[in-house]
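Structure first, commentary second.
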Amino acid sequence: MSYGYQAPYPVRPRQGGCAGKLIVAALIALLIGASLSYLALSSTYSSRLAEEEASLRAAEARVKTLESENSRLSGELQSLKQRYQALQEKYSSLVENYTRLKEKYESLTSREAENEAEVEETLKQLKEVLYYRIFTLYDYRSGDYYYAYYRIWSYDYLHYRLNPHIHVYATLENRFVPENIYNATTSYRDSESSAIREIASDLHDISGGDAELYANLALQLVHQLYYNETGYTKYPLETLVEGSGDCDNLAVLLASILAAGGYDTLVLLVEVDTPQGRAGHAMAAVALPKPPADLYKHGRRVAYYYEYKGRRFYLLEATWLRPDDENYVDPYMPDALSYPGAFVGDNPWGEGIRVVDVIYIPGARG
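Residue 19 in our numbering is what sits at position 38 of the sequence shown, and the numbering runs on without skipping anything.
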């Protein structure tokens, strides 16, 4: 048997119902909302895109700036590297020079120490060295002869000889400087020139204090030194030790002996007539308590003098003939007394003599 159901009336679909309309409306609304959202999002995205593009352009400009700065810094770095390299090379050169100079200094220091030792040893040896000078003096009044000898320690001599500042190289006229002549002539006061003072003391004893005899004995002593032309000035002790000198060296020595004896003296620069013509020459002159008389007893007729500040200073010729001269005679021999220049007041140059310059040397007092 079969069962079934039959509706009381047949079911049919509705035409244009409300539900369909709602669905359509919803879809339309959804589309409109999506469109509006799209539009809103599109506007947002466009704005952000513009901002990003602006940022990108700014970043690109910054990149270019940084690239330029990097290029500049790279150039400076390269320059600094080159300067560093140059400084490194200079430093290496300086280190090398310093090392070489240090080695040289150490070598010189070592050599200096050796030299000091050598100098010290030399000085020890020099303490034993002395110079010995002997002179013959003739007292023409009594006829007696005297032998005067002097010892000069090398230290005293080298005190002058090794001092280049006291020696002047020039012609006679140019080196006739008052200060130099005065300092040299008055050096008899120095402790190193005690030999000059000894000579003065001996001459005073032999002459018995007679000024004229003293001056003539001083002439005899200086005339025993060899006349030798020199380029440099010398101090009296140097001339005495070396046994020779130019006219100014001998005149300064003679004036120094006279001044040490207490007599006011002049050192004169004169012009004289020579076989070669007019020439410069140096002489001495001394102030005596009374005019000289001994020269008249040996053939002189005139005693020559130079008047200085109201006083008469009698001429003294400090040079003598050389031993190789055919007319040479020892200055202490009686025959020498007849030779021009042997006495104070003599003038071997005649009337043509002319005084050019004068340096006054006061005699020792007390």
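Where a beta carbon is used, it is the ideal one built from N, C-alpha and C, also for glycine. Just so we're clear, the structure is a prediction, and the values are computed from it rather than from any experiment.
Starting from residue i, follow the beta strand (DSSP E) in both directions and report where the run begins and ends.
i	result
residue 266	258 to 267
residue 293	292 to 297
residue 289	286 to 289
Helix, strand or coil for residue i per DSSP?
i	result
residue 226	strand
residue 202	helix
residue 117	strand
residue 129	strand
residue 160	helix
residue 103	helix
residue 220	helix
residue 152	coil
residue 328	coil
residue 207	strand
residue 313	coil
residue -13	In this prediction, residue -13 scores a pLDDT of 49, lower than 50, which makes its location untrustworthy; the coordinate-derived value is nonetheless stated afterwards. Note: residue -13 maps to coil in three-state DSSP.
residue 79	helix
residue 277	helix
Using 8 Å for Cβ pairs, my map puts residue i next to residue j. What's the rounded Cβ distance?
i	j	result
residue 307	residue 264	With a Cβ gap of about 25 Å, residue 307 and residue 264 do not count as contacting.
residue 234	residue 221	6 Å
residue 279	residue 318	5 Å
residue 207	residue 303	7 Å
residue 118	residue 202	7 Å
residue 217	residue 340	About 14 Å separates the two Cβ atoms, so there is no contact after all.
residue 116	residue 205	6 Å
For residue i, I'd like the list of residues in its chain whose CB is within less than 7 Å of its CB, leaving aside the five on either flank, ordered along the chain.
i	result
residue 161	149, 214
residue 183	129
residue -13	Low per-residue confidence applies at residue -13: pLDDT is 49, beneath 50, and the placement is therefore not dependable enough to give any value.
residue 177	169, 217, 218, 237, 238, 241
Could you tell me the boundaries of the alpha helix (DSSP H) in which residue i lies?
i	result
residue 147	Taken as a continuous stretch (DSSP letters only), residue 147 belongs to no alpha helix (DSSP H), as it is neither H nor E.
residue 178	175 to 188
To which residues does DSSP link residue i through a beta bridge?
i	result
residue 252	261, 335
residue 46	Bridge partners of residue 46: none, in fact.
residue 342	246
residue 111	134
residue 72	None; residue 72 has no bridge partner.
Near residue i, what residues of its chain come up, given a Cβ to Cβ distance below 6 Å and the 5 sequence neighbours on each side ignored?
i	result
residue 107	135
residue 328	285, 296
residue 323	317
Give me, in chain order, the residues of the same chain whose beta-carbon lies closer than 8 Å to that of residue i; leave out the 5 immediate sequence neighbours on both sides.
i	result
residue 274	193
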